[in-house]
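Everything in the sequence shown is counted per the UniProt record's numbering, starting at 1 for the first residue and increasing by one. Encoded as structure tokens, the structure appears first; notes follow it.
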Amino acid sequence: MVAGCVTRTTTSPLDVLKILVQVHRTDGGIQNTIKQLYSTRGIFGFWKGNLAGCCRLGPYSAIKFCLYDQLQDHVAHNGNPASVQRATCGAVAGMAATLAVYPMELVRTHLIVAKQTTSIANEFRAIFQTEGIRGLYRGCLVGLVGAIPFEGIQFGCYEYGKDYAVQHRWPQWRWPEAKTQLDTIDHFVLGSGSGALAQLFAYPFDTVKKRLQMQAKDGVVRYSGIGDCFVKIIRQEGTVGLYRGSLPNMVRLVP
């Protein structure tokens, strides 16, 4: 958990930029967002919502990986689970973890986008008082749907890549004669690659989720639901609108 929080804190500026670009539809992109954020909040603005992100990370990772291991053990009673089974286990584990920590994720988004500095507790209280418990789960459905391709592809590709690399000793230049198992660099490359591929498919769901999370915050109801949000983003911003902020997000995935 400590390592995860360190990584999260290190990459926080990229995450903040990603979310701000996602929810602000008419700004000048990443460069303009950096200038605006620095001019209004200073250097510490790039770490907005980081504490909430760290509080979310621990239970999210614990639930996801523990449940994934248990599900794999359940389906592997006749040998190693197939890639499809691993992907399914990953998707289910990811959905469960997403549901468990969703209120903290929503609060983190609000803290990042908020113009005035506030605390996690105050933001929780404000959302609950104005919208009730449902407000803490605004956009949760599309978050759960997005967890299916993201976690499924990420776990499935990562596990398949590990098996393939070991069985075929691929790529050959990474396998000297004395090498018998994957090393840290191999795991790093496989993890980054599978995460980037998963994000390519799942990112539009995250953009829609962020838009739905924030529309009650600014008092303007622009979207009536998930489908309406998808359609309006494509009509008004093009398909590229669904991938706003994806560049800093891809860079953030590497560590």
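Glycine is no exception: its CB is placed at the ideal position from the N, C-alpha and C atoms.
Other residues of its chain near residue i: CB distance less than 8 Å, five sequence neighbours each side excluded
i      : result
Trp170 : Tyr164
Tyr243 : Tyr203, Pro204 and Thr207
Gly79  : none
Alpha carbon of residue i to alpha carbon of residue j, nearest angstrom
i           : j      : result
Val75       : Glu151 : 17 Å
Thr239      : Ile233 : 7 Å
Glu123      : Ala196 : 31 Å
Gly227      : Tyr68  : 30 Å
Gln72       : Val101 : 22 Å
Arg138      : Gln172 : 48 Å
Tyr158      : Leu247 : 22 Å
Arg56       : Thr10  : 16 Å
Arg41       : Ile34  : 10 Å
His24       : Ala198 : 24 Å
Asp183      : Thr130 : 51 Å
Leu253      : Gly132 : 33 Å
Lys179      : Gly161 : 17 Å
Gly224      : Ser119 : Before going further, note that residue 224 is Ser rather than Gly in the sequence given. Between Ser224 and Ser119, the C-alpha separation is close to 29 Å.
residue 286 : Pro149 : In this structure the chain extends from 1 to 255, so residue 286 is not present and cannot be described.
residue 258 : Phe44  : The first residue shown for the chain is 1 and the last is 255, placing residue 258 beyond what the model contains.
Contacting residues, own chain, Cβ-Cβ under 6 Å from residue i (five flanking each side not counted)
i      : result
Gly156 : Ser83, Arg86 and Ala87
Val16  : Phe46, Lys48 and Ile112
Gly53  : Arg8 and Arg108
7 Å Cβ shell around residue i - same chain, five flanking residues per side excluded
i      : result
Gly4   : Leu57 and Ser61
Glu90  : As written in the sequence, residue 90 is Gly, which differs from the Glu given in the question. Once the five neighbours on either side are set aside, the close Cβ partners of Gly90 are Tyr68, Glu151, Gly152, Gln154, Phe155 and Gly156.
Leu212 : Arg138, Gly139, Val142, Tyr223 and Cys229
Integer-rounded CB distance, given that residue j should sit under 8 Å from residue i
i     : j      : result
Val21 : Gly245 : 4 Å
- Using 8 Å as the Cβ pair cut-off and three pairs as the minimum, do the segment 93 to 102 and the segment 125 to 144 touch? Contact holds: three or more Cβ-Cβ distances are below 8 Å.
Q.
Give the list of continuous alpha helix (DSSP H) stretches no shorter than 4 residues that lie fully inside the UniProt repeat "Solcar" (1 to 74).
A. Entirely contained in the UniProt repeat "Solcar" (1 to 74), the alpha helix (DSSP H) runs reaching 4 residues are, in chain order, 2 to 10, 12 to 23 and 30 to 41.
Touching by the beta-carbon criterion (3+ pairs, under 8 Å), the segment 111 to 119 and the segment 48 to 56: Three or more beta-carbon pairs separated by less than 8 Å link the segment 111 to 119 to the segment 48 to 56, which places the two stretches in contact.
List in chain order: all unbroken beta strand (DSSP E) runs of 3+ residues lying wholly within the segment 189 to 247. Within the segment 189 to 247, no run of beta strand (DSSP E) reaches 3 residues while sitting entirely inside it.
Taking only runs that begin and end inside the segment 137 to 198, name each unbroken alpha helix (DSSP H) of 4 or more residues, in chain order. Unbroken alpha helix (DSSP H) runs of no fewer than 4 residues, entirely contained in the segment 137 to 198, are found at 140 to 168, following chain order.
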